[in-house]
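Enquirer:
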Amino acid sequence: MKRRRARKPRELGPEQLGPVIRPEEFPFETTEDVEPRRSPLGQERALRSIRLGVRMRAPGYNVFVLGLTGNRKEAQLRDLVRECLPPLPPPPDWVYVYNFRDPDRPLALRLEPGEGRRLARNMEDLVETLRRKIPEAFQTETFEQEKEALSKKYDAQIRELRERFEASAREKGLVVQPTPQGQLLFIPLIDGKPIEDPSQYEALPEEEKARIREAQEALGREARDLFKRQKELMDALGREVQEIVKVYAARIVDPLIEAIRARYANPRVAEYLRAVRDHTLEHLEKFRQQEEKPQLPFPLPFLQAMQADRFLEYRVNVVVDNEGRESAPVLTEESPTYRNLFGAVEKVVDETGKLVTNFTRIKAGKILQASGGYLVFNLEDAITEPFVWKNLKRVLRSGLVEIESYQPLNFLSVAGLTPEPVPVDTRIVVYGSRLLFHILSYWDPEFSECFKVVADFGPDTDRNGEGVVAYAQRIAHICRVEGLPPFDRGGVAQVVWFGARRAEHKEKISAVLEDVDDLVREAGFFALEAGADRVGADHVRQALEDRIFRGNRVEERIRQLIAEGTLLVDVDGKKVGQVNGLAVLAIGDYAFGRPSRVTASLGMGTAGIVNIEREARLSGSTHDKGVLILAGYLRNRFGRNRPLSFSASLAFEQSYSGIDGDSASSTELYALLSRIGDLPLRQDLAVTGSVNQNGEIQAIGGVNEKIEGFYRVCKAVGLTGRQGVLIPEANVRHLVLDPEVVRAVAEGRFHIYPVRTVDQGMEILTGLRAGEPGEPGTVNGIVDQALEELDRRLRDRNQAKGAKQEEKETGPGGEDDEPGGAGPEPPPRPPEPEGNGTDR
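In the numbering used here, the protein residues as written are 1063 to 1902.
1) Have a look at Gln1640 and Asn1766 and give me their C-alpha separation to the nearest angstrom.
2) Under 8 Å by Cβ, that's how I've got Ile1465 and Gly1405 pegged, so tell me the actual separation to the nearest angstrom.
3) Using the rule of at least 16 other Cβ atoms within 10 Å of the residue's Cβ for burial, across every protein chain shown, is Leu1747 buried or exposed?
4) Please give me, in chain order, every unbroken run of the alpha helix (DSSP H) with length at least 4 that falls completely inside the segment 1129-1185.
5) In chain order, which beta strand (DSSP E) runs of at least 3 residues are fully inside the segment 1258-1326?
6) By the DSSP assignment, the beta strand (DSSP E) with Val1794 in it spans what residues?
7) Going by DSSP, what residues sit across from Thr1661 in a beta bridge?
8) What is the residue span of the beta strand (DSSP E) that Glu1508 lies within?
9) If you compare alpha carbons, which of Leu1664, Asn1698, Arg1774 and Val1515 is closest to Ser1111?
10) Quick check on this structure: which residue in Leu1590, His1796 and Ile1814 has the alpha carbon closest to the alpha carbon of Val1803?
11) Here's the rule I'm using: 16 or more other beta-carbon atoms within 10 Å means buried, otherwise exposed. How should Phe1772 be labelled?
12) From Leu1788, Val1807 and Ala1792, pick the residue whose C-alpha is nearest to that of Thr1782; which is it?
13) Just reading off the alpha helix (DSSP H) that Asn1698 is part of, what are its end residues?
14) Please identify the residue among Ile1571, Val1143, Glu1834 and Val1381 whose C-alpha is closest to the C-alpha of Arg1699.
15) For the alpha helix (DSSP H) containing Gly1553, name the first residue and the last one.
16) Quick one: what does DSSP say Val1531 is sitting in, helix, strand or coil?
17) Taking the DSSP output, what are the residues bridged to Pro1521?
18) Once the 5 residues before and after Gly1739 are set aside, which same chain residues still bring their CB inside 6 Å of it?
19) What are the boundary residues of the beta strand (DSSP E) that Gly1670 is part of?
20) Which residues share a DSSP beta bridge with Gln1239?
21) Which one of Ala1231, His1500, Arg1221 and Arg1283 has the shortest CA to CA distance from Leu1292?
22) Grab me the residues of Lys1570's own chain with a C-beta within less than 7 Å of its C-beta, minus the 5 sequence neighbours each way, in chain order.
23) Whole angstroms are fine: how far does the CA of Glu1077 sit from the CA of Lys1135?
24) State the beta-bridge partners of Asn1379 as determined by DSSP.
25) So, using beta-carbon positions, are Gly1435 and Thr1488 closer together than 8 Å?
26) Excluding the 5 residues flanking Arg1232 on each side, which residues of the same chain have their C-beta closer than 8 Å to its C-beta?
27) Which whole-angstrom value is the C-beta distance of Leu1188 and Ile1322, which I expect to be below 8 Å?
28) I need the boundaries of the beta strand (DSSP E) containing Lys1570, first residue and last residue.
29) Over the uninterrupted beta strand (DSSP E) stretch that includes Glu1395, give me the two end residues.
30) If you draw a straight line from the alpha carbon of Glu1877 to that of Glu1869, how long is it in whole angstroms?
31) Identify, in the order they occur along the chain, each residue of the same chain with its Cβ nearer than 7 Å to the Cβ of Pro1881, setting aside the five sequence neighbours on each side.
32) Which one of Arg1100, Leu1690, Pro1657 and Tyr1334 has the shortest CA to CA distance from Val1578?
33) Going by DSSP, what residue range makes up the beta strand (DSSP E) through Phe1439?
34) Which residues does DSSP pair with Thr1419 in a beta bridge?
35) Find out if the Cβ-Cβ distance for the pair Val1338, Tyr1376 is shorter than 8 Å.
36) Taking the alpha-carbon positions, what's the Pro1102 to Ala1432 distance?
Here is the structure:
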């Protein structure tokens, strides 16, 4: 059978292997001529989302940021929020003060910016003034005179009571005599004189004794009334003295309180100050007595600081201080724990060793501190902290922050305070991974209510004049900030090439500028090492080559193993059922291509295609799908008019770790078609590309690394001038190849073939025209004929087995084999196999 040769395949020229960058067209000589700028590149969609979330003050318009890269994401987002910031006034201060009615529920006061710290100073000054003036007021002559006048008044009344009591005793023939123990004895009088000897009393008549006893009992009752009345007079004296004390104290306290109240146009402050006044006048002893600090057995500094404060009730705890702020705050939180976000009521150990707390230990979290402004943090870090996500949603829904005692260990908990909740108006800007975003969107219905704005940062942008200038501005910023030499046009062009390489697209550049920043720093380092006053293209290439050298130890080892024959990869000749596939390995941030031998085996049967990687549990679901698509392609191409009856297996040779992805599905199909049709395939070509059921070659990732990986293996083994790579035609726009590979293609030492279909690939690999099934001498005709032959042989074998089985069951003559008979009927034809041979 004459085999029909394929036409010469089209291959790519060097001008198609990378972006065309013309440094002479740049509108600057060096980056010194460019205004420095450090802003996102080509992220208009994300920036518009952030602007909407920042400026829209309606509830729920918090922002979730996707795709943000870099080390200091909080700082990046903070700068972006500040750029979008509307003209907002500074938010208020918040303070906590003592609640004189309910000490366990401290009061939250809202004050104008700067008034919180001022109120705290005012209250400190008030306490110090009262401590000095109140004792002085009670030492004045006027106060002593009034107090003495009161004492004389009540002394006269008490003296009158006693005189009447003593007169009543004499009328009853008794005399009152106090004892050293404070008791009163009622002694009878005989002839006007008190009895001194008990015998005198015993000598009295019984009637006299009875009279004396009755008189003593009556006088005892009068004595009790006297004591009661005397106590009432003493209490009245105390009250009147206290009233005088309050009057004198109020003459000092009221002006001071009024002076503070006049500074704040706030009814809650006025109410609080009234409570302070009343409490002060009721507890003047705090200010009158001298403070005596107890002597601790171990005078440690931290224990001294924890001693009780006699004037704690008058302190002001400033939890949010916006003094000096001119606009709304934009805060970041790099450690979004429960305490840092929502605040806490801290506890301390007092001088007795007990765990205590008070309202001055209330600490605000960043959500309260950023009220009226914006807070940026990492949601992935926050959501892994206990209780944070649930409480964050509650705050965003209610607009209230309740500062609680954070007690993750209940056995250490003590009775805590319940501070008054504080209303907050904080716009939350968080960032996280796409996986987290999709998980929360699917599983938490409240997520979309709390975060109505999504800002999606893309990985790349168009490589146009604006993008080049943005790169130059970024380079200028780094050079000026970090003291590096400026970049000339060639250096900037090389950095732009690197951006296109990172974007894996000739017409785009990477918007992940942190990698660009690092390359600029490394190129500047090599320029300084060389003593150059400018950074040129050579310095940037040196930095890129140094990066490869630092990360390609494993790649070099694999090439060495291939060159010495330990890893079996053929880069010359032809073989049946064997193709060089290409995979990408990543070690850290360095990725490289590695060729692997893909083989196919074939035999009679109906097992279809057996994926050895799957059977060994070494393949992922995407790779398994790719193998199943091969069965669909074979059915679609060769199984429309007959069943496909064969058993085949596919394997990645010398692969002992997991494999996933469908970029090798075209490679496996080439090997399978080669084995079915007994068609030798070129081993000096490597293949990559995904295939669909219609035989179209689809784009894959890592095309540059795969091409360069095979080129370096061929170079290590020995370039023949015929080696090359088959890539999907859809990947041509993604080619940003290393200059060495581009030179090899220009010199004809390496070849890159774009293919659109499996037929094109088979023509290049076999040298035969693809043709159609049933067309003799073509790839598809040969494969179709081979499949027909396999099916025929299987039918013949099944027929023979069926006849042999029937003969074994019925015997040589059969049941009806009588003389003169017509003989047995011919055995029925065994049924043909149903279904497609590729079904497993």
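Backbone N, C-alpha and C define an ideal beta-carbon position, used for all residues, glycine too. It should be emphasised that the depicted structure is a prediction, and the values quoted were computed from it without experimental measurement.
Expert: Let me lay it out:
1) Within the sequence shown, numbered from 1, the residue matching residue 1640 stands at position 578. Within the sequence shown, numbered from 1, the residue matching residue 1766 stands at position 704. One C-alpha to the other measures close to 23 Å.
2) Residue 1465 sits at position 403 when you count from the first residue of the sequence shown. Residue 1405 sits at position 343 when you count from the first residue of the sequence shown. Contact between Ile1465 and Gly1405 holds, since their C-beta atoms are separated by about 4 Å, short of 8 Å.
3) For the purposes of this step, residue 1747 is taken as the residue at position 685 of the sequence shown. Flag for Leu1747 reads buried.
4) Correct list: 1135-1146.
5) none
6) What you label residue 1794 is simply residue 732 of the sequence shown in a count that begins at 1. Where Val1794 is concerned, there is no enclosing beta strand (DSSP E), given that its DSSP letter is neither H nor E.
7) As a position in the sequence shown, residue 1661 is number 599, starting the count at 1. Its beta-bridge partners are Gln1640 and Ala1713.
8) The residue labelled residue 1508 in the question sits at position 446 within the sequence shown. Looking at the DSSP string, Glu1508 is not in any beta strand (DSSP E), and its letter there is neither H nor E.
9) Residue numbering aside, residue 1111 sits at position 49 when the sequence shown is read from its first letter. The residue with the shortest Cα to Cα distance from Ser1111 is Val1515.
10) Along the sequence shown, read from residue 1 onward, the residue named residue 1803 stands at position 741. The candidate whose alpha carbon is nearest that of Val1803 is Ile1814.
11) Walking along the sequence shown from the start, residue 1772 turns up at place 710. It is buried - the Cβ of Phe1772 has at least 16 other Cβ atoms within 10 Å.
12) Reading the sequence shown from its first residue, position 720 is the one you call residue 1782. Of the candidates Leu1788, Val1807 and Ala1792, the one whose C-alpha sits nearest the C-alpha of Thr1782 is Val1807.
13) Mapped onto the sequence shown, residue 1698 falls at position 636. Counting along the chain, the alpha helix (DSSP H) containing Asn1698 begins and ends at Ser1683 to Phe1700.
14) Locating residue 1699 in the sequence shown gives position 637, counting from the first residue. For Arg1699, the nearest C-alpha among the options comes from Glu1834.
15) Counting from one through the sequence shown, the residue named residue 1553 turns up at place 491. From DSSP, the alpha helix (DSSP H) with Gly1553 extends over Arg1551 to Ala1565.
16) Looking up residue 1531 in the sequence shown gives position 469. If DSSP states are grouped into helix, strand and coil, Val1531 belongs with the helices.
17) Taking the sequence shown and counting its residues from 1, one reaches residue 1521 at position 459. DSSP, once it has assigned bridges, lists no residue as partnering Pro1521.
18) The residue given as residue 1739 occupies position 677 in the sequence shown. Cβ neighbours of Gly1739 beyond the five flanking positions: Ile1844, Val1845 and Ala1848.
19) As a first step, residue 1670 is located in the sequence shown; it is residue number 608 there, counting from the start. Segment Gly1670 to Asn1673, the beta strand (DSSP E) holding Gly1670.
20) Here residue 1239 corresponds to residue number 177 of the sequence shown, with the count starting at 1. Per DSSP, Leu1247.
21) Numbered from 1 along the sequence shown, position 230 holds the residue referred to as residue 1292. The sequence shown places Gln at residue 1292, not Leu. Ranking Ala1231, His1500, Arg1221 and Arg1283 by Cα distance to Gln1292 puts Arg1221 first.
22) The sequence position of residue 1570 within the sequence shown is 508, counting from 1. Answer for Lys1570: Asp1522, Thr1523, Asp1524, Arg1525 and Ala1562, listed in chain order.
23) Position 73 of the sequence shown holds residue 1135. Position 15 of the sequence shown holds residue 1077. Computed Cα separation, rounded: 38 Å.
24) Residue mapping note: residue 1379 aligns to position 317 of the sequence shown, counting from 1. Tyr1158.
25) Along the sequence shown, read from residue 1 onward, the residue named residue 1435 stands at position 373. Along the sequence shown, read from residue 1 onward, the residue named residue 1488 stands at position 426. Yes, the Cβ-Cβ distance between Gly1435 and Thr1488 is below 8 Å.
26) To locate residue 1232, count along the sequence shown from 1; it is residue 170. Leu1251, listed in sequence order.
27) Start at 1 with the first residue of the sequence shown, and residue 1188 comes out as number 126. Start at 1 with the first residue of the sequence shown, and residue 1322 comes out as number 260. Sure, about 7 Å apart at Cβ, within 8 Å.
28) On the sequence shown, residue 1570 is found 508 positions in, with the first residue counted as 1. Counting along the chain, the beta strand (DSSP E) containing Lys1570 begins and ends at Lys1570 to Ser1572.
29) The residue you call residue 1395 lines up with position 333 of the sequence shown. First-last of the beta strand (DSSP E) with Glu1395: Val1392 to Glu1395.
30) In the sequence shown, the residue the question calls residue 1877 occupies position 815. In the sequence shown, the residue the question calls residue 1869 occupies position 807. Note that Glu1877 scores 44 on pLDDT, short of 50, meaning its location in the model is unreliable and no value can be drawn from it.
31) Within the sequence shown, the letter at position 819 stands for residue 1881. Note that Pro1881 scores a pLDDT of 39, beneath 50, so its modelled location is shaky; the value from the coordinates is reported in the next line. Closer than 7 Å at Cβ, skipping near neighbours: no residue.
32) Here residue 1578 refers to the residue found at position 516 of the sequence shown. Residue Arg1100 is the option with its Cα nearest to Val1578.
33) As a position in the sequence shown, residue 1439 is number 377, starting the count at 1. Looking at the DSSP string, the run of the beta strand (DSSP E) that includes Phe1439 is Tyr1436 to Asn1440.
34) Walking along the sequence shown from the start, residue 1419 turns up at place 357. Bridge partners of Thr1419: none, in fact.
35) Taking the sequence shown and counting its residues from 1, the one referred to as residue 1338 is at position 276. Taking the sequence shown and counting its residues from 1, the one referred to as residue 1376 is at position 314. Yes.
36) The count along the sequence shown starts at 1 and reaches residue 1102 at position 40. The count along the sequence shown starts at 1 and reaches residue 1432 at position 370. Roughly 25 Å separates the two Cα atoms.
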